[in-house]
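Colleague: Residue numbers (my numbering), protein chains in the order written: chain A, 1 to 164; chain B, 165 to 314. C-beta: ideal position from N, C-alpha, C; glycine also. Remember, predicted model here, so these are calculated numbers, not experimental data.
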Amino acid sequence: MALTEKDLALIGKESEPFYAPDDVCKCMIRHYCEMMEDPNPLYTDEEYAKKSKYGGIIAPPQMLMVWCMPRMWPFPEFPWMPMAELELPGVDTYIATDMIHEFYKPVRPGDKLRYVMKLDKVSDLKKTRIGEGHFITTTQTYYNQNDEVVGREIRTVLKYKPNE
Amino acid sequence: MTHHIVYWDDVTEGQDIGSYSMQMTAVKISGGAWATRDTNPIHHDKDFALKAQQRDMIVNIMHSEGILSKLATDWSGPEGELKRTRFNIEGNCCVGDLMTVSGNVIRKWIGGEDEGFLAGLHLVELQVNSVTPVGPFCNAQITMALPAKK
Numbered sequence: 001m002a003l004t005e006k007d008l009a010l011i012g013k014e015s016e017p018f019y020a021p022d023d024v025c026k027c028m029i030r031h032y033c034e035m036m037e038d039p040n041p042l043y044t045d046e047e048y049a050k051k052s053k054y055g056g057i058i059a060p061p062q063m064l065m066v067w068c069m070p071r072m073w074p075f076p077e078f079p080w081m082p083m084a085e086l087e088l089p090g091v092d093t094y095i096a097t098d099m100i101h102e103f104y105k106p107v108r109p110g111d112k113l114r115y116v117m118k119l120d121k122v123s124d125l126k127k128t129r130i131g132e133g134h135f136i137t138t139t140q141t142y143y144n145q146n147d148e149v150v151g152r153e154i155r156t157v158l159k160y161k162p163n164e
Numbered sequence: 165m166t167h168h169i170v171y172w173d174d175v176t177e178g179q180d181i182g183s184y185s186m187q188m189t190a191v192k193i194s195g196g197a198w199a200t201r202d203t204n205p206i207h208h209d210k211d212f213a214l215k216a217q218q219r220d221m222i223v224n225i226m227h228s229e230g231i232l233s234k235l236a237t238d239w240s241g242p243e244g245e246l247k248r249t250r251f252n253i254e255g256n257c258c259v260g261d262l263m264t265v266s267g268n269v270i271r272k273w274i275g276g277e278d279e280g281f282l283a284g285l286h287l288v289e290l291q292v293n294s295v296t297p298v299g300p301f302c303n304a305q306i307t308m309a310l311p312a313k314k
């Protein structure tokens with residue numbers, strides 16, 4: 001099946017902002033580093049971080065997505081997202097195929113993050129190894145409380161109908 | 165405590181950046197998923213994972229990316245800055261698997277004027293791979309900025 005008229009109209013649209021449920025904090029940074037076994041002193045060693053060019057603790061840049069993960073309870077109300085509005089008849093299964101993360105500015109304890117999602121591209125129906133589907137590319141742009149862009153995630157997923 | 169510094173000038177393309185192994189257990193996988201706020205039961209509930217045709221509970225994406233990024237900054241020392249990661253999943257990593265990550269430098273350059281936020285920086289690109297005894301798990305190309313000698 002092809003893209004519907006509604007699908008085509010959604011390409012290029014941006015979501016409302018989604019806000020991180022918590023401020024960036026040292027506790028979550030330490031829990032993260034504990035599970036990754038990451039000894040980088042910028043993340044957990046106050047004394048080292050204070051003397052560094054950052055002047056204090058920073059969050060691991062690759063934690064960007066973690067801050068904005070939705071709560072399990074009470075489950076948040078999501079803002080309008082173009083990705084969720086896609087009709088794409090005949091396909092129902094998702095798989096992530098490619099992710100790019102870019103880090104522009106340090107994220108620090110106390111920061112309040114949010115992101116907006118833009119629907120960049122939806123391919124025509126393509127044949128793949130695992131089934132026919134559409135490649136969907138979105139960009140999530142992350143902002144801090146000063147409206148600075150701190151990083152970006154460009155993600156491609158395949159929404160497909162698995163082969164019989 | 166002092167920390168090592170890798171200077172851009174001393175890096176050569178092809179250079180090995182070392183390796184790191186982590187024994188995956190149910191606690192480690194569920195803990196990594198909680199630490200990245202990923203509540204999908206496929207990372208916490210063995211019965212659910214088996215029904216989803218996995219061998220067991222699987223390591224989540226943000227946990228995997230964290231371990232690949234850790235290898236990069238373990239190699240560079242804290243002066244190395246993560247700038248860009250391109251991440252790709254090839255297989256899975258389950259309870260009982262020994263995950264091993266290793267990598268090497270695939271490119272060394274100074275960011276060009278057309279490279280936006282990378283312009284003027286002393287850059288390296290690392291190829292970092294994660295494998296289990298079952299096969300390839302995931303990999304990333306990680307761009308880092310390193311300090312340069314005067």
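Is B/Pro-297 near the ligand FAD, going by C-beta to nearest heavy atom under 7 Å?
Modeller: Questions concerning the ligand FAD fall outside what the structure shown contains, since it holds no ligand whatsoever.
Colleague: Return the CA-CA distance between B/Ala-199 and A/Tyr-160, expressed in angstroms with no decimal places.
Modeller: Taking the second sequence and counting its residues from 1, the one referred to as residue 199 of chain B is at position 35. Taking the first sequence and counting its residues from 1, the one referred to as residue 160 of chain A is at position 160. About 30 Å.
Colleague: Grab the span of the beta strand (DSSP E) containing A/Cys-68 for me, first residue to last.
Modeller: Sequence index remark: in the first sequence, residue 68 of chain A carries index 68 (1-based). Under the DSSP assignment, A/Cys-68 falls outside any beta strand (DSSP E); it carries neither an H nor an E label.
Colleague: Under a three-way DSSP split, which group does A/Leu-42 fall into?
Modeller: Translated into positions along the first sequence, residue 42 of chain A becomes position 42. Three-state result, A/Leu-42: helix.
Colleague: Apart from the five residues on each side of it in sequence, which residues of its chain come closer than 8 Å, Cβ to Cβ, to B/Ile-231?
Modeller: On the second sequence, position 67 is the one that residue 231 of chain B refers to. Cβ within range, chain order: Tyr-184, Met-186, Met-263, Val-265 and Ser-294.
Colleague: At 4 residues or longer, and completely inside the region 211–255 of chain B: list those alpha helix (DSSP H) runs for me, N to C.
Modeller: 225–240
Colleague: Given a threshold of 16 other Cβ atoms within 10 Å of its Cβ, counted over all protein chains shown, does A/Asp-111 qualify as buried or as exposed?
Modeller: As a working mapping, residue 111 of chain A is identified with position 111 in the first sequence. A/Asp-111 is buried by the Cβ-count criterion.
Colleague: Of the residues that make up the region 219–242 of chain B, which ones have a beta carbon closer than 9 Å to any beta carbon in chain E?
Modeller: Of the protein chains in this structure, namely A and B, none is chain E.
Colleague: Report the residue from A/Gly-151, A/Glu-148, A/Phe-135 and A/Asn-146 whose alpha carbon sits nearest the alpha carbon of A/Val-157.
Modeller: Residue 157 of chain A sits at position 157 when you count from the first residue of the first sequence. When each option's Cα is compared against that of A/Val-157, the closest is A/Phe-135.
Colleague: Rounded to whole angstroms, how far is the Cβ of A/Leu-86 from the Cβ of A/Val-122, which I believe are closer than 8 Å?
Modeller: Here the question's residue 86 of chain A lines up with position 86 in the first sequence. Here the question's residue 122 of chain A lines up with position 122 in the first sequence. A/Leu-86 to A/Val-122, Cβ: 7 Å. Contact.
Colleague: Taking the alpha-carbon positions, what's the A/Thr-93 to A/Glu-132 distance?
Modeller: Indexing the first sequence from 1 puts residue 93 of chain A at position 93. Indexing the first sequence from 1 puts residue 132 of chain A at position 132. So the alpha carbons of these two residues sit roughly 11 Å apart.
Colleague: What is the DSSP secondary structure of A/Ser-123, counted as helix, strand or coil?
Modeller: Within the first sequence, numbered from 1, the residue matching residue 123 of chain A stands at position 123. Of the three classes helix, strand and coil, the one that applies to A/Ser-123 here is coil, per DSSP.
Colleague: For A/Ala-2, is the classification buried or exposed, using 16 other Cβ atoms within 10 angstroms of its Cβ as the cut-off for buried?
Modeller: Here the question's residue 2 of chain A lines up with position 2 in the first sequence. Flag for A/Ala-2 reads exposed.
Colleague: Would you list the one or two residues that DSSP bridges to A/His-101?
Modeller: For the purposes of this step, residue 101 of chain A is taken as the residue at position 101 of the first sequence. In the DSSP output, where bridge partners are listed per residue, A/His-101 has A/Glu-153 and B/Thr-249.
Colleague: Three or more beta-carbon pairs under 8 Å between the region 166–177 of chain B and the region 67–87 of chain A, yes or no?
Modeller: Between the region 166–177 of chain B and the region 67–87 of chain A, the count of C-beta pairs closer than 8 Å stays below three; the two stretches do not touch.
Colleague: Restricting to Cα atoms, I'd like to know which of A/Ile-11, A/Tyr-54 and A/Lys-6 is closest to A/Thr-138.
Modeller: Indexing the first sequence from 1 puts residue 138 of chain A at position 138. That would be A/Ile-11, whose Cα lies nearest to the Cα of A/Thr-138.
Colleague: Starting from B/Gly-267, follow its DSSP beta bridges and name the residues at the other end.
Modeller: In the second sequence, residue 267 of chain B corresponds to position 103, counting from 1. Partner(s): B/Val-292.
Colleague: In this structure, how does DSSP classify B/His-208 when only helix, strand and coil are distinguished?
Modeller: Looking up residue 208 of chain B in the second sequence gives position 44. Correct three-state label for B/His-208: coil.
Colleague: Can you name the residues of chain A whose CB is closer than 7 Å to the CB of B/His-167?
Modeller: As a working mapping, residue 167 of chain B is identified with position 3 in the second sequence. Chain A residues near B/His-167: Pro-41.
Colleague: Using a Cβ-Cβ cutoff of less than 7 Å, which residues in the same chain neighbour B/Trp-273 once the five nearest sequence positions on both sides are dropped?
Modeller: Taking the second sequence and counting its residues from 1, one reaches residue 273 of chain B at position 109. Leu-287.
Colleague: Along the alpha helix (DSSP H) that carries B/Ser-194, what are the first and last residues, could you check?
Modeller: Translated into the one-based positions of the second sequence, residue 194 of chain B becomes position 30. Element bounds for B/Ser-194: 190–199.
Colleague: Output yes if chain A places a C-beta closer than 8 Å to the C-beta of B/Leu-290; else output no.
Modeller: Numbered from its first residue, the second sequence carries residue 290 of chain B at position 126. B/Leu-290 does not count as touching chain A.
Colleague: Taking C-beta pairs closer than 9 Å, name the residues in chain A that B/Asn-204 reaches, listed in chain order.
Modeller: Position 40 of the second sequence, counting from 1, holds the residue named residue 204 of chain B. Within chain A, no residue comes near B/Asn-204; the closest Cβ sits about 10 Å away, beyond 9 Å.
Colleague: Within the chosen definition, does the region 211–229 of chain B reach the region 71–82 of chain A through at least 3 CB pairs nearer than 8 Å?
Modeller: no
Colleague: Closer than 7 Å by C-beta to B/His-167: which residues in its own chain qualify, once you throw out the five before and the five after it? Chain order, please.
Modeller: Your numbering for residue 167 of chain B matches position 3 in the second sequence. The beta carbon of B/His-167 sits closer than 7 Å to those of Gly-241 and Pro-242, all from its chain and outside the five residues before and after it, given in chain order.
Colleague: Less than 8 Å separating the beta-carbons of B/Glu-245 and B/Arg-271?
Modeller: Position 81 of the second sequence holds residue 245 of chain B. Position 107 of the second sequence holds residue 271 of chain B. No.
Colleague: Taking three-plus beta-carbon pairs below 8 Å as touching, is the region 202–220 of chain B in contact with the region 299–313 of chain B?
Modeller: no
Colleague: Which class does B/His-286 belong to by DSSP, given the choice of helix, strand or coil?
Modeller: Counted from its first residue, the second sequence places residue 286 of chain B at position 122. Looking at B/His-286 - three-state DSSP - the assignment turns out to be strand.
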